[in-house]
Amino acid sequence: MSLTQVYLGLGSNVEREKHLLAGLEALADFLCDMHCSAVFESQPVGIKSGPFFNLVVSAKTDLPLIELSRRLKLIEADNGRYAQDRKGLPLDIDVLFYGDLAGNFDGLTLPRAEILKNAFVLWPLSLIAPDKVHPGVGKPLAQMWAEAQIDQVLAPAAFEWRGEQLTPLEMLSDL
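According to the numbering used here, the sequence shown holds residues 102 to 276 in order.
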(Lines of atoms letter the chains of each structure in order from A and count residues from 1; the text may use other names and numbers.)
(Lines give C-alpha, C1' and ligand atoms only; values in the text may rest on other atoms or scores of the structure.)
Protein backbone atom coordinates (compact mmCIF):
# COMPACT_ATOMS: atom_id res chain seq x y z
CA MET A 1 0.00 0.00 0.00
CA SER A 2 1.42 3.36 -0.96
CA LEU A 3 0.95 6.38 1.26
CA THR A 4 0.27 9.93 0.06
CA GLN A 5 1.47 13.01 1.96
CA VAL A 6 -1.45 15.30 2.75
CA TYR A 7 -1.81 18.68 4.42
CA LEU A 8 -5.14 19.60 5.99
CA GLY A 9 -6.33 22.94 7.35
CA LEU A 10 -8.56 22.86 10.43
CA GLY A 11 -10.55 25.72 11.90
CA SER A 12 -13.27 26.36 14.45
CA ASN A 13 -15.01 29.36 15.97
CA VAL A 14 -17.56 27.55 18.16
CA GLU A 15 -16.29 25.72 21.24
CA ARG A 16 -12.98 25.91 19.41
CA GLU A 17 -10.89 23.63 21.60
CA LYS A 18 -13.58 20.96 21.88
CA HIS A 19 -14.16 20.75 18.12
CA LEU A 20 -10.51 20.92 17.10
CA LEU A 21 -9.64 18.19 19.62
CA ALA A 22 -12.50 16.04 18.32
CA GLY A 23 -11.33 16.62 14.75
CA LEU A 24 -7.73 15.70 15.57
CA GLU A 25 -8.82 12.52 17.34
CA ALA A 26 -11.01 11.51 14.41
CA LEU A 27 -8.18 12.15 11.94
CA ALA A 28 -5.76 10.12 14.07
CA ASP A 29 -8.06 7.11 13.60
CA PHE A 30 -7.19 6.80 9.90
CA LEU A 31 -4.14 8.97 9.12
CA CYS A 32 -0.50 7.94 9.66
CA ASP A 33 2.51 9.95 10.77
CA MET A 34 0.35 12.88 11.84
CA HIS A 35 2.00 16.17 12.87
CA CYS A 36 0.30 19.41 13.90
CA SER A 37 1.36 23.00 13.39
CA ALA A 38 1.12 25.69 16.00
CA VAL A 39 -2.42 26.92 16.61
CA PHE A 40 -3.36 30.48 15.74
CA GLU A 41 -6.27 32.68 16.69
CA SER A 42 -7.60 34.74 13.81
CA GLN A 43 -10.45 37.06 13.07
CA PRO A 44 -13.09 35.67 10.70
CA VAL A 45 -12.71 36.24 6.95
CA GLY A 46 -15.84 36.53 4.85
CA ILE A 47 -18.30 35.82 7.68
CA LYS A 48 -19.49 37.62 10.79
CA SER A 49 -18.57 35.55 13.80
CA GLY A 50 -16.26 35.22 16.73
CA PRO A 51 -12.54 34.53 16.34
CA PHE A 52 -11.25 31.24 14.99
CA PHE A 53 -8.58 28.79 16.06
CA ASN A 54 -6.71 27.42 13.03
CA LEU A 55 -3.95 24.88 12.49
CA VAL A 56 -2.52 22.66 9.78
CA VAL A 57 -2.03 18.89 9.99
CA SER A 58 0.58 17.01 8.01
CA ALA A 59 -0.10 13.30 7.60
CA LYS A 60 0.05 10.30 5.30
CA THR A 61 -2.91 8.36 4.01
CA ASP A 62 -3.67 5.35 1.86
CA LEU A 63 -7.09 6.77 1.01
CA PRO A 64 -7.85 8.10 -2.47
CA LEU A 65 -8.54 11.85 -2.50
CA ILE A 66 -12.31 11.53 -2.91
CA GLU A 67 -12.58 9.04 -0.01
CA LEU A 68 -10.43 11.31 2.18
CA SER A 69 -12.68 14.25 1.36
CA ARG A 70 -15.78 12.16 2.16
CA ARG A 71 -14.36 11.20 5.57
CA LEU A 72 -13.50 14.82 6.35
CA LYS A 73 -17.11 15.82 5.61
CA LEU A 74 -18.32 13.08 7.99
CA ILE A 75 -16.03 14.41 10.75
CA GLU A 76 -17.36 17.93 10.14
CA ALA A 77 -20.93 16.60 10.27
CA ASP A 78 -20.23 14.75 13.54
CA ASN A 79 -19.17 18.10 15.00
CA GLY A 80 -22.30 19.97 13.93
CA ARG A 81 -20.99 21.63 10.77
CA TYR A 82 -24.17 20.95 8.80
CA ALA A 83 -26.74 21.28 11.59
CA GLN A 84 -29.64 23.56 10.65
CA ASP A 85 -29.51 25.43 13.94
CA ARG A 86 -25.73 25.84 14.10
CA LYS A 87 -24.17 29.14 15.05
CA GLY A 88 -20.76 29.84 13.58
CA LEU A 89 -18.48 27.13 12.25
CA PRO A 90 -17.91 24.28 14.71
CA LEU A 91 -15.34 22.48 12.56
CA ASP A 92 -13.95 23.05 9.09
CA ILE A 93 -11.39 20.65 7.59
CA ASP A 94 -9.94 21.40 4.15
CA VAL A 95 -7.52 19.43 2.00
CA LEU A 96 -4.73 21.92 1.23
CA PHE A 97 -2.38 19.53 -0.59
CA TYR A 98 -2.79 15.89 -1.58
CA GLY A 99 0.57 14.61 -2.75
CA ASP A 100 1.59 16.57 -5.82
CA LEU A 101 -1.89 16.76 -7.32
CA ALA A 102 -2.77 20.04 -9.00
CA GLY A 103 -6.07 20.71 -10.73
CA ASN A 104 -9.77 20.07 -10.19
CA PHE A 105 -10.80 16.67 -8.87
CA ASP A 106 -14.56 16.15 -8.64
CA GLY A 107 -15.03 19.78 -7.59
CA LEU A 108 -12.04 19.84 -5.23
CA THR A 109 -9.35 22.24 -6.48
CA LEU A 110 -5.78 21.52 -5.38
CA PRO A 111 -3.69 23.07 -4.09
CA ARG A 112 -6.40 24.92 -2.21
CA ALA A 113 -6.66 28.60 -3.19
CA GLU A 114 -6.86 29.75 0.46
CA ILE A 115 -3.15 28.96 0.84
CA LEU A 116 -2.37 32.11 -1.14
CA LYS A 117 -5.11 34.28 0.41
CA ASN A 118 -5.25 33.59 4.14
CA ALA A 119 -2.54 34.06 6.75
CA PHE A 120 -4.27 31.52 8.99
CA VAL A 121 -3.54 28.89 6.33
CA LEU A 122 -0.15 30.01 4.96
CA TRP A 123 1.62 30.71 8.27
CA PRO A 124 0.92 27.34 9.95
CA LEU A 125 1.51 25.55 6.64
CA SER A 126 4.89 27.29 6.26
CA LEU A 127 5.83 26.16 9.77
CA ILE A 128 4.97 22.51 9.23
CA ALA A 129 6.27 22.23 5.63
CA PRO A 130 8.72 25.11 5.10
CA ASP A 131 10.50 23.49 2.15
CA LYS A 132 7.40 22.27 0.30
CA VAL A 133 7.19 24.05 -3.03
CA HIS A 134 3.77 25.35 -4.04
CA PRO A 135 3.32 24.06 -7.61
CA GLY A 136 1.39 27.11 -8.79
CA VAL A 137 3.87 29.62 -7.35
CA GLY A 138 7.12 27.67 -7.64
CA LYS A 139 8.40 28.80 -4.24
CA PRO A 140 8.82 27.07 -0.89
CA LEU A 141 6.06 27.79 1.61
CA ALA A 142 8.45 29.44 4.11
CA GLN A 143 9.57 31.88 1.42
CA MET A 144 5.96 32.52 0.44
CA TRP A 145 5.12 33.34 4.07
CA ALA A 146 8.15 35.63 4.40
CA GLU A 147 7.07 37.51 1.26
CA ALA A 148 3.33 37.45 1.96
CA GLN A 149 1.46 40.70 2.16
CA ILE A 150 -1.77 39.45 3.66
CA ASP A 151 -3.65 41.96 5.80
CA GLN A 152 -4.79 39.61 8.56
CA VAL A 153 -3.80 39.59 12.21
CA LEU A 154 -2.92 36.24 13.76
CA ALA A 155 -1.92 35.43 17.31
CA PRO A 156 -0.32 32.16 18.42
CA ALA A 157 -2.67 30.37 20.82
CA ALA A 158 -1.88 27.90 23.58
CA PHE A 159 -3.33 24.54 22.60
CA GLU A 160 -2.59 21.05 23.86
CA TRP A 161 -3.33 17.73 22.19
CA ARG A 162 -2.46 14.35 23.68
CA GLY A 163 -0.31 15.98 26.34
CA GLU A 164 1.76 18.00 23.85
CA GLN A 165 1.74 21.78 23.56
CA LEU A 166 1.25 22.41 19.84
CA THR A 167 2.23 26.05 19.91
CA PRO A 168 5.87 26.45 20.98
CA LEU A 169 6.26 28.35 24.24
CA GLU A 170 8.63 30.84 22.61
CA MET A 171 5.83 31.84 20.23
CA LEU A 172 3.50 32.34 23.18
CA SER A 173 6.04 34.32 25.20
CA ASP A 174 6.36 36.85 22.37
CA LEU A 175 2.78 37.97 22.92
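In this text, a Cβ means the ideal position worked out from N, Cα and C, and glycines have one as well.
This structure is a prediction, so every number in the text was calculated from the model and none was measured.
Query - Cβ neighbour criterion (16 or more within 10 Å) applied to Ile216 - result: By the Cβ neighbour-count rule, Ile216 is buried, with 16 or more other Cβ atoms within 10 Å of its own.
Query raised in the report: So who's on the other strand from Thr268, going by DSSP bridges?
Result: Its beta-bridge partners do not exist; DSSP assigns none.
Report task. Please say whether Arg213 and Val196 have beta carbons closer to each other than 8 Å? Result -> Closer than 8 Å, so yes.
Query - Neighbourhood of Ala220 by C-beta distance below 6 Å, restricted to the same chain and skipping five residues each side - result: Result list for Ala220: Ile251, Gln253 and Leu255, in chain order.
Query raised in the report: Hey, how far is the Cα of Phe154 from the Cα of Ser143?
Result: Answer to the nearest angstrom: the Cα atoms are 6 Å apart.
Query raised in the report: Given Asp134, which residues of its chain have a CB within under 7 Å of its CB, disregarding the five upstream and five downstream residues?
Result: Hits under 7 Å: Ala160 and Lys161.
Query raised in the report: Of all the beta strand (DSSP E) runs that stay within the bounds of the segment 113-146, which reach a length of 3 or more residues?
Result: List check, beta strand (DSSP E) in window: 133-137 and 140-143.
Query raised in the report: Do you know offhand how far Trp224's Cα is from Glu261's?
Result: Note on geometry: alpha-carbon atoms of Trp224 and Glu261 lie some 19 Å from one another.
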